[in-house]
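Engineer:
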Amino acid sequence: MTTAGRRILVARPAAQSGRLLQLMAAAGWQGQSFPVMEIQPQPETLAHLPQQAAQADWLFFVSPSAIDVAWPTLQAQPPAARLACVGQASARRLAMLSGQDILFPTAGSDSEALLALPQLADVAGQRWLIVRGQGGRALLADTLRARGAQVSLAEVYQRVDGRPDWRLLDDGLPDAMVLTSSEMAEQLFRLAGPARAGTLQCLLYCVPHPRIAERLQALGATRIVTTRADDDALVAGLREWFSRHP
1 MTTAGRRILV
11 ARPAAQSGRL
21 LQLMAAAGWQ
31 GQSFPVMEIQ
41 PQPETLAHLP
51 QQAAQADWLF
61 FVSPSAIDVA
71 WPTLQAQPPA
81 ARLACVGQAS
91 ARRLAMLSGQ
101 DILFPTAGSD
111 SEALLALPQL
121 ADVAGQRWLI
131 VRGQGGRALL
141 ADTLRARGAQ
151 VSLAEVYQRV
161 DGRPDWRLLD
171 DGLPDAMVLT
181 SSEMAEQLFR
191 LAGPARAGTL
201 QCLLYCVPHP
211 RIAERLQALG
221 ATRIVTTRAD
231 DDALVAGLRE
241 WFSRHP
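Residues 1 to 246 (the UniProt record's numbering) make up the sequence shown, in order.
(1) Considering only residues of the same chain and omitting the five flanking positions on each side of Leu46, which have a CB-CB separation below 6 Å?
(2) So, using beta-carbon positions, are Gly87 and Val123 closer together than 8 Å?
(3) Can you name the residues that DSSP bridges to Val69?
(4) Using a 10 Å radius around the Cβ and a threshold of 16 neighbouring Cβ atoms, would you call His48 buried or exposed?
(5) Specify, as a first and last residue, the run of the alpha helix (DSSP H) that Pro41 falls within.
(6) Quick one: is Met96 buried, meaning 16 or more other Cβ sit within 10 Å of its Cβ, or exposed?
(7) Can you tell me whether DSSP reads Phe34 as helix, strand or coil?
(8) Return the CA-CA distance between Ala84 and Glu186, expressed in angstroms with no decimal places.
(9) Excluding five sequence neighbours on each side, which residues of the same chain lie with their C-beta closer than 7 Å to the C-beta of Trp71?
(10) Let me know the secondary structure DSSP gives Gln158 once reduced to three states.
(11) Could you pull the DSSP bridge partners for Cys85 from this structure?
(12) What's the C-alpha gap between Met1 and Met177?
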């Protein structure tokens with residue numbers, strides 16, 4: 001059964017939506033960028049990043065944005081530290097940029113899955129640098145410290161309001177919207193305001209983690225497809241949904 005002709009809004013920052021929009025076009029869908037947040041690098045933090053990285057045994061990149069923002073600063077003097085991240089797509093990109101083997105969990109795409117890896121069972125005395133945005137989750141840092149590691153943070157970017165084109169929502173409901181973080185879900189409803197809350201609660205959402213689905217449910221959404229954390233999986237999940245709900 002064909003699923004062509006669907007219209008999907010992608011709420012990621014515009015710079016991170018290109019490949020997903022291409023996959024949607026290949027599926028015969030109309031993917032449209034609908035950035036509810038953008039990523040703003042923090043120059044002062046980035047200026048100190050090479051020195052921090054040189055003192056670390058491990059660098060952990062929390063998100064694709066952390067890689068995109070931090071690596072251009074690090075590539076002039078690539079760190080000797082071992083590299084870790086979550087998500088297969090992030091691992092592929094980080095491996096391509098660094099030329100290193102990347103530690104990442106294959107059984108999940110979050111801090112919990114990383115912490116379950118045997119390589120993190122005994123980290124006493126190791127120096128970890130967590131590269132992230134401002135206000136990230138504390139679970140990884142707290143758990144590593146509890147296991148005896150020395151943990152530092154490099155908050156290399158902050159999330160700022162995006163400028164989505166609300167006509168893409170107001171002029172007719174899309175078939176689905178892709179959200180890839182809990183912060184995106186919260187930002188979407190905040191920017192939309194009470195007048196659009198009912199519309200947002202009616203939409204079908206595609207998300208790459210149960211935690212995002214839980215946040216959407218708390219905001220009143222009821223139709224949610226949860227997939228793995230990569231672009232191909234997001235498209236496959238939507239394709240399966242559309243084939244079962246023509």
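Ideal placement from N, C-alpha and C gives every residue a C-beta, glycine not left out.
Structural biologist: Taking the geometry as given:
(1) Thr73 and Val156
(2) no
(3) In the DSSP output, where bridge partners are listed per residue, Val69 has none listed.
(4) exposed
(5) From DSSP, Pro41 is part of no alpha helix (DSSP H) but of the beta strand (DSSP E) over Met37 to Pro41.
(6) exposed
(7) coil
(8) 27 Å
(9) Leu97
(10) strand
(11) Phe61
(12) Its pLDDT being 47, under 50, Met1 is placed unreliably in this model, and the coordinates cannot settle the point.
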